[in-house]
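Going from the sequence shown to our numbering is simple: count from 1 and add 137. Every residue, glycine too, gets a C-beta built ideally from N, C-alpha and C. First up is the structure itself, then whatever we jot down about it.
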Amino acid sequence: MDSAELFAKLESSAPLSGSELSAILNLTGADDLTRLYALAYAQKLRVTGRKVFFRGLVELSNICARNCFYCGIRRGNSKVRRYRMTEDEVYSAADMALKSHFGSMVLQGGERNDPEFIDCVERLILGIRQRTGNQLGLTLSLGEQSPETCDRWFAAGAHRYLLRIEASNPALFRKLHPADQSFENRVACIDYLSSHGWQTGTGVMIGLPGQTIDDLVSDLIFFREHNIDMIGMGPYLSHADTPLGAAYPHWTPAFELSLKMIAAARLYLRDVNIASTTALHTIRPDGRELGLLAGANVIMPNLGDSSYRKEYNLYEGKASLDDGIDDCMTSLLEGIAKIGEEPAPDEWGDPKHFFSRVSSKS
Ligand code: SF4
């Protein structure tokens, strides 16, 4: 398919096929890319206008029971100083989210399935709800959990869950994870969340060793087939103290391909929320803004103390590790204003896709 045919199809707003998604991801010329991002941004404007939804990110703990081959805080990395925020520190972060008019916050951390952790998260959800008068949207990103745990956390008041598939090709997934992590279980967890009231997010790493354009097309199709409401995806960034990072020490991150994935997701899935991730900002100072201009509509500023942030290194070179929240916000708000976007103060910013899929079932 040549680019003239592709753009005629994109401008017609007709549903996209796998070969058209592939053609999008294979675009290279500067003019074609500018045109692609403009079309994706126009679709984003139709869904949420010029608004950017903020989620205050709290990295609860870098203690993880898993050993994913790409992740800097994997259980087997003995160089990491492990931490766990106190419950009071988490509540202070919730106060900060409210004061900063973020509308929503995300509790993220390494995966643990022990009763003490499950109880603690439930207490935190109830505490945040009570303390903030239910004013904050609450997202969890705490790995694979049992249906019972998901139900308890939902009943306590969390309503969004991010669980990245990382790679929708089962063979690639298996290369990224030890044998005790099952692709089928990950998918089952995502489907459980989606069918039990949660606004459900997933995502992938882009530009992994061994990943093909066809894999990325399959990722986009996976998002649609599993009726995903929120997408969080970004370039694979390596960490030397991981098996994957050690095997590919000079791996170049796929910045442009990541922007093309955001644009393709916006044009293909239309009304989902898409995050412009810290990984983009890590590669280029204006990476988050370029993500927004390619069709993303969510940013997750880190609310945690900078001493903890330094220990939550999923990959190396993570942006804004030393900056305080005020410095981060100043540069973020300036960057957003520069591209003509505006924050959506105090709005939860729920994904429209969630409401359309729920109403289509009723
Ligand atoms: S990717 Fe998540 S589950 Fe895997 S090691 Fe890192 S924190 Fe743990």
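Item, Value
"Three-state secondary structure (DSSP) of ASN322", "helix"
"Limits of the unbroken beta strand (DSSP E) element including PHE191", "188-198"
"At least 3 beta-carbon pairs within less than 8 Å: the stretch 354-368 vs the stretch 326-345", "yes"
"Counterpart residues of ASN439 in DSSP-defined beta bridges", "LEU194"
"GLY280 versus ARG249 - alpha carbon distance", "8 Å"
"CB-CB length for LEU417 against SER395, believed under 8 Å", "6 Å"
"Alpha-carbon to alpha-carbon, ALA151 and LEU143", "11 Å"
"Beta-carbon proximity check, LEU300 vs GLN245, cutoff 9 Å", "no"
"Ranges of the alpha helix (DSSP H) found wholly within the stretch 363-410, counting only runs of at least 4", "380-384 and 392-406"
"Buried/exposed call for PRO422, threshold 16 Cβ in 10 Å", "exposed"
"MET242 - partner residues in DSSP beta bridges", "GLY193 and LEU275"
"Beta-carbon proximity of ILE411 to ILE368, cut-off 9 Å", "yes"
"GLU224 and ARG260 closer than 9 Å at C-beta", "yes"
"Where TYR329 sits in the DSSP three-state scheme", "helix"
"N- and C-terminal bounds of the beta strand (DSSP E) containing LEU153", "Unbroken run through LEU153: none, as it is neither H nor E."
"Alpha-carbon spacing of GLU253 relative to THR286, whole angstroms", "12 Å"
"Within 9 Å, strictly: CB atoms of ALA304 and LEU275", "no"
"Beta-carbon spacing of PRO438, GLY193 below 9 Å", "yes"
"Nearest neighbour of TRP335, chosen from TYR178, ARG218, GLY294 and PHE392 [CA to CA]", "GLY294"
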